[in-house]
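S.K.:
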DNA sequence: GAGTAGATCCTCT
DNA sequence: GAGGATCTACTCA
């Protein structure tokens, strides 16, 4: 199957919700330490920058950590949560607009042995790449990847022309952002209905 | 199967 | 010095 690396223009579109929806079904490829792992994206969450309380960049907050989100679309934003989990995001939109998309779940396609070794799991169960913490671990994504261009060979997103029925595209409120008040209820989470790798309730 | 506690460390105040 | 875009294991049923 032929894969085409997504161009920067894909990520630089203004509507982060549209980009998030379009990311579903695409393939995330990592090439770390000479080991290739790849998986199809089945769940994402959009974070709408300065107007979104759940975003790190809410209200124009700008720190060392969030600086990457203000870059032009098409780079990775990785950060450590709860001292344990690395969360992988894709920065979108133009420079100075800190929109980002959190990739929450993948369906493993390549390098499953490598994923097992990285996560310390014995069997390739659904939990291998379900949830942002597991996903990053399985793909070998770490904090130092923050700011990486997705045009490099080490980490990129590709389209293999996979298509799915529109009726399988679902949205829901985001997960784990209860602190964000009203913004926590926005339906900015998108996933493929019925895919067993999607985290949380799958209906 | 559902609910809860604990892990663990970087970042910002 | 507090807290977080989470996961796992353990308890109880």
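Residue numbers (our numbering): 358 to 560. Each residue gets a CB set at the ideal place from its N, CA and C atoms; glycine is no exception.
Take residue 409 and list the residues in its own chain whose beta-carbon comes closer than 7 angstroms to its own, dropping the five residues that flank it on each side.
M.R.: 415, 540
S.K.: Kindly indicate the opening and closing residues of the beta strand (DSSP E) around residue 387.
M.R.: 384-389
S.K.: Going by alpha carbons, who is nearest to residue 452 out of 439, 461, 426?
M.R.: 426
S.K.: Take residue 423 and list the residues in its own chain whose beta-carbon comes closer than 7 angstroms to its own, dropping the five residues that flank it on each side.
M.R.: 413, 414, 455
S.K.: Please report the residue range of the beta strand (DSSP E) in which residue 529 lies.
M.R.: 526-529
S.K.: State buried or exposed for residue 405, treating a residue as buried only when at least 16 other CB atoms are found within 10 Å of its CB.
M.R.: Answer is buried; the Cβ neighbour count reaches 16.
S.K.: Please name the residue in 503, 477, 502, 504 whose C-alpha comes closest to that of residue 491.
M.R.: 477
S.K.: Tell me, to the nearest whole angstrom, how far the beta carbon of residue 468 is from that of residue 363; I am working on the premise that it is less than 8 angstroms.
M.R.: No, residue 468 and residue 363 are not in contact; Cβ-Cβ is about 20 angstroms, not under 8 angstroms.
S.K.: Give the straight-line distance between the Cα atoms of residue 377 and residue 547, rounded to the nearest whole angstrom.
M.R.: 7 angstroms
S.K.: By the 10 Å Cβ neighbour count, where 16 or more other Cβ atoms means buried, how is residue 361 classified, buried or exposed?
M.R.: exposed
S.K.: Could you name the residues of the same chain whose beta carbon sits closer than 7 angstroms to that of residue 554, not counting the 5 residues immediately before and after it, in chain order?
M.R.: If we look at residue 554 and ignore the five residues flanking it on each side, its Cβ neighbours are 399, 462, 463, 464, 483, 486, 487.
S.K.: Take residue 525 as the anchor and find which of 381, 370, 367 has the nearest alpha-carbon.
M.R.: Here the closest residue by C-alpha is 381.
S.K.: Exposed or buried, residue 514, counting other C-beta atoms within 10 Å across all chains shown (16 or more means buried)?
M.R.: buried
S.K.: Excluding the five sequence neighbours on either side, which residues of its own chain have a C-beta within less than 6 angstroms of the C-beta of residue 560, listed in chain order?
M.R.: Unreliable positioning characterises residue 560 in this predicted model, as indicated by a pLDDT of 47, which lies under 50. The coordinate reading is nonetheless provided below. If we look at residue 560 and ignore the five residues flanking it on each side, it has no Cβ neighbours.
S.K.: What whole-angstrom Cβ distance do residue 538 and residue 466 have, given they're in contact under 8 angstroms?
M.R.: No, residue 538 and residue 466 are not in contact; Cβ-Cβ is about 38 angstroms, not under 8 angstroms.
S.K.: Report the residue from 531, 471, 503 whose alpha carbon sits nearest the alpha carbon of residue 444.
M.R.: 503
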